[in-house]
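Asker: Numbering (the working numbering), first residue to last: -4 to 129.
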Ligand SMILES: [Cu+2]
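Structure representation (structure tokens):
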């Protein structure tokens, strides 16, 4: 019994240690691509990892990083993103971002969309992101 209680408390403890703010995404039309950006605060004393992002607005969602090669910007998929203990990490233009491919609907400025962020330790976090031009 004590063990079960301790386990539940541990789950609770973890669920409050990650929070996300300033979530936004670019306007784009159905069939096109967009990108989602946000700031992650890991207030925990252990690292956490973003494994994937899900939503029903895109056919495919990937975690991407940007890189510079021969003066050209490129981007490529990463399998996960790690947040160090007591750190802040910003997904931003020209950096890490969540790539939204094959949009299933038009994303109009000032509307908002729901996303689920799946963390290794903290579980699933539901966020609301605002559509805006940046
Ligand atoms: Cu990308």
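Here a beta-carbon is modelled for each residue, glycine too, at the ideal position from N, C-alpha and C.
Note that this is a predicted model, so its numbers are computed, not measured.
Check for me: the beta strand (DSSP E) holding residue 32 runs from which residue to which?
Answerer: Residues 29 to 37.
Asker: For a quick check, are the C-beta atoms of residue 108 and residue 126 less than 9 Å apart?
Answerer: A contact, by the Cβ cut-off of 9 Å.
Asker: Around the Cβ of residue 14, are there at least 16 other Cβ atoms within 10 angstroms (buried) or fewer (exposed)?
Answerer: By the 10 Å Cβ count, residue 14 comes out exposed.
Asker: Quick check: what's the CA-CA separation for residue 117 versus residue 44?
Answerer: If you take the alpha carbons of residue 117 and residue 44, they lie about 9 Å apart.
Asker: Taking residue 24 as part of the beta strand (DSSP E), name the residues at either end of that continuous run.
Answerer: Here residue 24 belongs to no beta strand (DSSP E), and DSSP marks it neither H nor E.
Asker: May I ask you to report which of helix, strand or coil DSSP gives residue 127?
Answerer: Reduced to three states, the DSSP call for residue 127 is coil.
Asker: Compute the Euclidean distance between the alpha carbons of residue 102 and residue 82, then round it to the nearest angstrom.
Answerer: Roughly 31 Å separates the two Cα atoms.
Asker: Following the continuous beta strand (DSSP E) through residue 55, name the residue where it begins and the one where it ends.
Answerer: Segment 53 to 64, the beta strand (DSSP E) holding residue 55.
Asker: Helix, strand or coil, according to DSSP, for residue 89 in the structure here?
Answerer: Coil at residue 89, not helix or strand.
Asker: Compute the distance between the beta-carbons of residue 77 and residue 58, then report whether it is under 9 Å.
Answerer: Going by C-beta atoms, residue 77 is not nearer than 9 Å to residue 58.
Asker: Report all residues from its chain with a CB closer than 8 Å to the CB of residue 48; omit the five preceding and five following residues, and keep chain order.
Answerer: 31, 56, 58, 93, 110, 111, 112 and 113.
Asker: How about residue 30: is its Cβ closer than 8 Å to a heavy atom in ligand 1?
Answerer: For ligand 1, at least one heavy atom lies less than 8 Å from the Cβ of residue 30.
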